[in-house]
Structure formats: structure tokens, C-alpha cells
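Numbering (this note's numbering), first residue to last: 131 to 371.
Right, dumping it as C-alpha cells:
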């Protein structure tokens with residue numbers, strides 16, 4: 131059975147060693163510490179969102195989830211969902227950077243969708259985990275495109291209806307991708323073929339679980355953001371007494 135080593139997170143975690151598999155990469159820890167300094171120094175628009183983003187980045191990159199995502203495609207999809215649907219909007223709230231302007235909503239939503247589909251196609255997915263530069267290219271393009279999209283969604287000049295349509299479109303394309311993964315007749319992600327057996331799950335079942343997570347679980351942050359946008363819009367329209 132074929133097995134490909136995930137370059138950055140290391141060998142696939144097994145149940146016996148999962149909680150020992152913390153990532154102590156000094157460059158990563160330095161980057162998180164630098165971001166924490168920026169947030170704590172008052173350069174963040176929303177300090178709580180900044181700290182929450184740092185905490186979630188520690189979960190996906192430092193905690194044993196990193197090693198587990200070497201073993202299971204479902205863990206990798208969970209990692210990506212946290213990155214683009216939780217970390218990215220929090221960073222967009224913490225660092226909106228209005229001075230650089232806001233790109234049009236449609237192109238950034240479309241670009242993010244293309245990258246999500248690209249990095250979850252079997253070939254690019256395996257390549258993205260094969261070397262450390264490819265791994266970080268995958269992570270940074272997913273996070274960066276999601277940050278741009280969420281910035282545009284939260285932009286003060288964006289109409290509520292347009293923001294909601296962007297969120298619905300994102301839910302729709304991720305749901306479609308998740309459905310295709312769920313109903314694929316054979317396992318597609320060879321990087322996890324051998325390691326999933328250690329967790330008592332077949333590669334196909336692991337893939338189906340990943341698709342369900344992308345199809346169902348991933349929509350929750352977007353729905354929550356949509357409700358928050360509607361609530362904020364209604365509050366802004368209330369006449370002053």
C-alpha cells in the first residue's frame with residue numbers, strides 16, 4: 131500500500147502517540163509570537179478577534195491536529211475549515227487594513243473558490259503536502275484568499291445583500307465540493323491510504339467523513355457571519371431616540 135510522507139507535519143500520527151505530537155517548529159512559533167506582539171501592542175482593530183485567531187492558528191499548526199492531519203484526510207479538511215472559515219474572518223476583523231482599499235467582492239469570492247477546489251483536487255493536494263514550501267504555499271494561499279474575501283464581505287461600503295450573496299455562494303461551492311468528495315466511488319487521496327488503517331477507518335470512509343465536514347460543518351461559520359451582518363444592519367437602521 132502506498133504511503134507518502136507529509137513533509138511539514140511529519141509522519142502520520144497513530145493513536146498511541148497523538149498527544150505527544152506537538153509541533154515546535156521555531157519559525158512557526160516565532161511568527162505566532164510576532165503576531166501576538168502586534169495584537170498586544172494595540173495595532174489590531176479588534177484585539178479579541180486577533181487573540182482568537184492566534185489561538186486557532188496554534189490549534190491547526192502547533193497542536194497534535196497537525197500530525198493527525200498527516201494521517202487522515204478528514205483531519206486535514208477540518209484543519210482547512212478552521213483556517214478559512216474561522217481564522218480568516220477573525221484576522222479580517224483584527225486587521226482590516228482599510229488603507230490598502232477593498233477589492234471588488236465578486237473577484238475575491240471567485241478566486242477563493244478556485245483555490246479551495248484546486249487544493250482539494252487529488253493531484254495538487256498530494257503535491258501540497260509533499261514538500262515544506264508546497265505545504266506553506268497551500269496554507270498561505272488558502273488563508274490569504276479567505277482573508278481577502280472576508281475583508282470584502284466585512285467592508286463598510288458593501289451592501290448587506292451583496293455580503294450575504296457572497297457567503298451563500300461560498301457555502302454553495304464548498305457544499306458542492308463536499309458532496310463530490312462524499313459520493314466519489316473510490317478513495318482519491320493517496321497520501322492517506324496507509325495511515326487511515328491505524329485509526330480503524332478505511333480510506334473511503336475517511337474521505338466520506340471529510341466530504342460531510344466540508345458539506346455540513348463548514349457552513350456554520352458562514353451562516354453565523356450572515357446572521358451577524360443582518361443583525362448589525364438592522365441595528366444601524368434603528369432611528370435614534
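Even for Gly, the Cβ is constructed at its ideal location relative to N, Cα and C.
Residue ranges of uninterrupted beta strand (DSSP E) with 3 or more members are absent from the region 147-172; none lies entirely inside it. Contact between residue 277 and residue 241 is absent: CB atoms are separated by about 12 Å, not below the 8 Å threshold. As the crow flies, the alpha-carbon of residue 321 is around 45 Å from that of residue 363.
Residue environment: residue 164 is assigned as exposed (fewer than 16 neighbouring CB atoms within 10 Å of its CB, all protein chains considered). Of the residues assessed, residue 234 falls on the exposed side of the cut-off, its CB having fewer than 16 other CB atoms within 10 angstroms.
C-alpha of residue 204 to C-alpha of residue 337: approximately 6 Å in a straight line. Relative to the Cα of residue 156, the nearest Cα in the group 256, 348, 192 and 355 belongs to 192. A contact between stretches requires three or more CB pairs, one per stretch, nearer than 8 Å, and the region 296-316 fails this requirement with the region 176-193. Leaving aside the five residues that flank residue 341 on each side, the residues in its chain whose CB is nearer than 6 Å to its CB run, in chain order, 308, 311 and 312. When the five nearest sequence neighbours on each side are left out, the beta carbons in the same chain lying within less than 7 Å of the beta carbon of residue 297 are those of 283, 352, 355 and 356, in order along the chain. The alpha helix (DSSP H) runs of length 4 or more contained entirely in the region 252-324 are, from start to end of the chain, 252-258, 262-284 and 290-312.
For the pair residue 145 and residue 328, the CB atoms are nearer than the 8 Å cut-off. The beta carbons of residue 190 and residue 214 sit no closer together than 8 Å. Spanning the alpha carbons of residue 202 and residue 325 requires a straight line of approximately 7 Å. In the structure shown, residue 250 falls within a coil segment according to DSSP collapsed to helix, strand and coil.
Only residues of its own chain outside the window of five on either side were considered, and among them 169, 174, 175, 176, 177, 179, 180 and 183 have a CB closer than 8 Å to the CB of residue 224, listed in chain order. Inclusion of residue 216 and residue 186 in the CB contact set at 8 Å is warranted, their separation being smaller than that value.
When DSSP states are grouped into helix, strand and coil, residue 193 belongs to the coil group. Shown here, residue 231 sits in coil according to DSSP, grouped into three states, outside any helix or strand.
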